[in-house]
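Position in the first sequence (first residue = 1) + 338 = our numbering.
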Amino acid sequence: MNNAEIAQMLYEFAELMDLKGDVFKRNAYRKAAQSVEDLGRDVQDLVAEGNLDSIPGVGESIAKKIKELVGTGRSTELEKLRQEFPAGLVQLMSVPDVGPRSVIRLRQELGVNSLQELKEAALSHRIRGLKGFGERSEENILKGIALVEKQSGRMPLGHAYPIARDIAEHLRMRGHTHAVSLAGSLRRMRETVGDIDILAGSDSPDKVMDLFVAHPQVASVIARGGTKASVRLADGTQVDLRVVPRESYGAALQYFTGSKEHNVKLRRIAIQKGYKLNEYGVFRKDDDALVAGSDEDGIYRLLGMDPMPPEMREDRGEIEAALEHRLPNLVSMEDIKGDFHVHTSMSDGRATMREVAEEAERRGYRYIGVTDHSQSLRIAGGLSIDYLLASVEEARQLSDELGFPVLRGAEVDILEDGSLDYPDDVLAQLDYVIGSVHSRFKMDRREMTDRVLTAMSNEEMNILGHPTGRLIGKRPGYDIDLDRVMDEAQSKGVLLELNGFPDRLDLNDLNCRRAKERGVMMCIGTDAHSLGHFDNMELAVGTARRAWLEPGDILNTYSIDRVRKVFTRQRTT
DNA sequence: GCCGTTTTCGGCCCGACTGTTTTCAGTCG
């Protein structure tokens, strides 16, 4: 059992404590889970050393549970709690505006134990009769359920990606394969994925299948045949593996990557050109001879197209562009020189400014921007003016000492009236300013748009952070006129953020593409709250690629000198 | 359940907002 799995169990404990009505225990379990996640070492080793209490937030009781988990892979205590609170009850808390207290009352007074039962209770107007609930609450609950249902079955890319990579690596390392790749919507970097698809090329498929089902995270085998197997992981994720021989690897990869719409169009083109395309290769119509199939690029070339990155394959014009040899040169991880949205331990991040800077350097960046929360966001440790200004000096000294530019920015709240959460003369002392909305999400469209436009008219604001505020599967974005925001961004030279936090990916692919078409410059921020979150950059770059963004469209590809010039120019025009 | 310049019990980042009330509980970040 690895750290991530142990952390997952501790998070589940935390949710169950919520249902028990004990927020302190919830917090204790959450803190322990976070510590385990962040731990630079293997928890199993600490168990062996008898050193579990060196983990912050882990005391006697949690240590005991971790030992049991590591030793047996199970927790009797957790299983008891699961009996008491069925999974459906935990899911109820994922409905916006429904928290633990409501869940407990809905269960006690209406016998609601699942999403379906909650829906029925709302539709039959049984909720509005409860003390403290009314007509409005009932409507909000129904809206919330619709959102949860829409997302059900699909998980955020950021959740699936590390799991998928781990399994692919597991297959790769043991031999028996000559190639392993992620496929499906995961390979296309869609913001949510329904399941994980993995393709392996091998001449001994049986051995690969054995390896696959033996992966430590596999909880049950759903199906297993000669070339395809499906399993369910402990967390409920379904993973499909397909194994094909070398000569059809490219065709299989193309086919299993999709999208469906892209493939349909591609097959139609193949027919026009006198071929047949399927997952085994491209075949000549006349004599059924295999003419392409071992490598993916060869399939596109044979059909008269430039090979295209998986992220583009949504039938959004990429086939036409490939036929006319005018595919964009998409931004890639190698182009990224820095990150502009990172929280430090001064506010609600977990790493210090120094640790952040060192991590950035280690990852091959050329600079880093740190952006803590502003004073109004007290719960997230928003910085007072004094602290903020002191940290400006700290960033300067750190830059000198490391010989690595650390930009001092801030993620400043856009207040209800559109003003920014620090006075202009304070903002002017920062290297740059991200303005973000963190409150009053339910304003109507005109109010919210005016609020954001007012903020953007402040010359100190360089970047609009997570412009729609949506949380994938949890909360829709606030109601805002993005066309007007983009026009304003273009004319004022304000950058729009592509926030790479797994739940956010905001702006999303389609809106990023709209922004590019309108001549708006984008800026990627991972919104990292710990060093591990630097990995979010891959999700953001994947989203940028889905939006057809090129290096020139993204500030993070610029040198530090050009970045500084952009920020300075914005503030003097 | 954890933790200790408030130290072995009694706190645990807390303020704004919403929808329900007529003074507040629950949710969110």
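For every residue, glycine included, the Cβ atom is placed at its ideal position computed from N, Cα and C. This one's a predicted model, so the numbers in the text were calculated from it and none came from an experiment.
Closest Cα partner of residue i within the set the options
i: glutamine 429; options: Asp891, Val708, Lys457; result: Lys457
i: valine 602; options: Arg510, Arg784, Leu591, Leu615; result: Leu615
i: asparagine 837; options: Glu447, Gly815, Leu877; result: Leu877
i: isoleucine 657; options: Asp376, Arg605, Arg701; result: Arg605
i: glutamate 739; options: Met691, Arg584, Gly522; result: Met691
i: glutamate 652; options: Ser523, Pro554, His508; result: Ser523
i: isoleucine 404; options: Arg420, Leu419, Asp383; result: Asp383
i: arginine 639; options: Glu473, Gly539, Gly619; result: Gly619
i: glycine 596; options: Ala521, Thr709, Ala748; result: Ala521
i: glycine 707; options: Tyr725, Gly720, Gly676, Arg701; result: Gly676
i: alanine 695; options: Gly719, Glu649, Phe742; result: Phe742
i: glycine 642; options: Ser632, Arg664, Met650, Tyr896; result: Arg664
i: methionine 860; options: Phe423, Pro805, Asp360; result: Pro805
i: leucine 869; options: Arg883, Leu753, Glu693, Glu826; result: Glu693
i: histidine 711; options: Leu753, Asp673, Ile637, Val744; result: Leu753
Exposure label - residue i; buried when at least 16 CB within 10 Å
i: glycine 437; result: exposed
i: glutamate 855; result: exposed
i: phenylalanine 872; result: buried
i: asparagine 667; result: exposed
i: serine 774; result: buried
i: glutamine 372; result: buried
i: alanine 698; result: buried
i: valine 629; result: exposed
i: glutamine 610; result: exposed
i: serine 685; result: buried
i: phenylalanine 362; result: exposed
i: glycine 803; result: buried
i: aspartate 578; result: buried
i: leucine 537; result: buried
i: methionine 527; result: buried
Bounding residues of the beta strand (DSSP E) (the contiguous stretch that carries residue i)
i: glutamate 623; result: The displayed chain sequence assigns lysine, not glutamate, to residue 623. Premise fails: lysine 623 is in no beta strand (DSSP E) and is neither H nor E.
i: threonine 952; result: Only positions 339 to 911 of the chain appear in the structure, and residue 952 is not among them; the question remains open.
i: arginine 570; result: 566–571
i: leucine 845; result: Note, leucine 845: premise wrong, no beta strand (DSSP E); not H, not E.
i: arginine 778; result: Premise fails: arginine 778 is in no beta strand (DSSP E) and is neither H nor E.
i: asparagine 616; result: 613–616
i: alanine 316; result: A question about residue 316 goes unanswered here, because the residues of the chain that appear run from 339 up to 911.
i: aspartate 578; result: 576–582
Continuous alpha helix (DSSP H) stretch holding residue i: start and end
i: glutamate 826; result: 820–830
i: aspartate 376; result: 361–376
i: asparagine 874; result: 874–884
i: valine 408; result: 398–410
i: alanine 386; result: 381–387
i: aspartate 438; result: The sequence given here has proline at residue 438, not aspartate. Taken as a continuous stretch (DSSP letters only), the alpha helix (DSSP H) holding proline 438 covers 438–448.
i: histidine 600; result: 598–610
i: phenylalanine 471; result: Premise fails: phenylalanine 471 is in no alpha helix (DSSP H) and is neither H nor E.
i: glycine 395; result: No alpha helix (DSSP H) contains glycine 395, which DSSP labels as neither H nor E.
i: valine 433; result: Looking at the DSSP string, valine 433 is not in any alpha helix (DSSP H), and its letter there is neither H nor E.
i: alanine 590; result: 587–595
i: glutamine 421; result: 414–422
Per DSSP, the bridge partner or partners of residue i
i: isoleucine 801; result: Ile772, Leu833
i: glutamate 749; result: His711, Ile772
i: alanine 561; result: Ser568
i: cysteine 318; result: Only positions 339 to 911 of the chain appear in the structure, and residue 318 is not among them; the question remains open.
i: methionine 493; result: Val531
i: leucine 809; result: Arg813
i: leucine 721; result: Ser712
i: glycine 539; result: Ala517, Val582
i: valine 744; result: Ile706
i: isoleucine 892; result: Met860
i: glycine 426; result: Answer is none; glycine 426 lacks a bridge partner.
Spatial neighbours of residue i in its chain, beta-carbon cut-off 8 Å, leaving aside the 5 residues before and after
i: tyrosine 367; result: Leu348, Tyr349, Phe351, Ala352, Met355, Ile400
i: histidine 926; result: Residue 926 lies beyond the stretch modelled for the chain, which goes from 339 to 911, so this question has no answer here.
i: leucine 449; result: First, the residue type needs correcting, since residue 449 is glycine and not leucine in the sequence shown. Closer than 8 Å at Cβ, skipping near neighbours: Glu455.
i: aspartate 841; result: Pro494, Gly496, Leu809, Ile810, Gly811, Lys812
i: glutamine 767; result: Leu727, Val730
i: proline 583; result: Gly539, Ser540, Asp541
i: aspartate 635; result: Gly588, Pro645
i: threonine 709; result: Phe678, His679, Val680, His681, Gly747, Ala748, Glu749, Ile772, Gly863
Beta-carbon proximity list for residue i, same chain, < 7 Å, skipping 5 on both sides
i: lysine 623; result: Gly612, Tyr613, Lys614
i: valine 374; result: Asn341, Ile344, Ala345, Leu348, Val381, Ile393
i: serine 722; result: Gln713
i: leucine 407; result: Met339, Ile344, Met347, Ser413
i: arginine 492; result: Thr530, Val531, Gly532
i: serine 683; result: Ala689, Thr690
Beta-carbon contacts of residue i that lie in its chain and below 6 Å, excluding the five residues immediately before and after
i: glutamine 908; result: Asn800, Gly831
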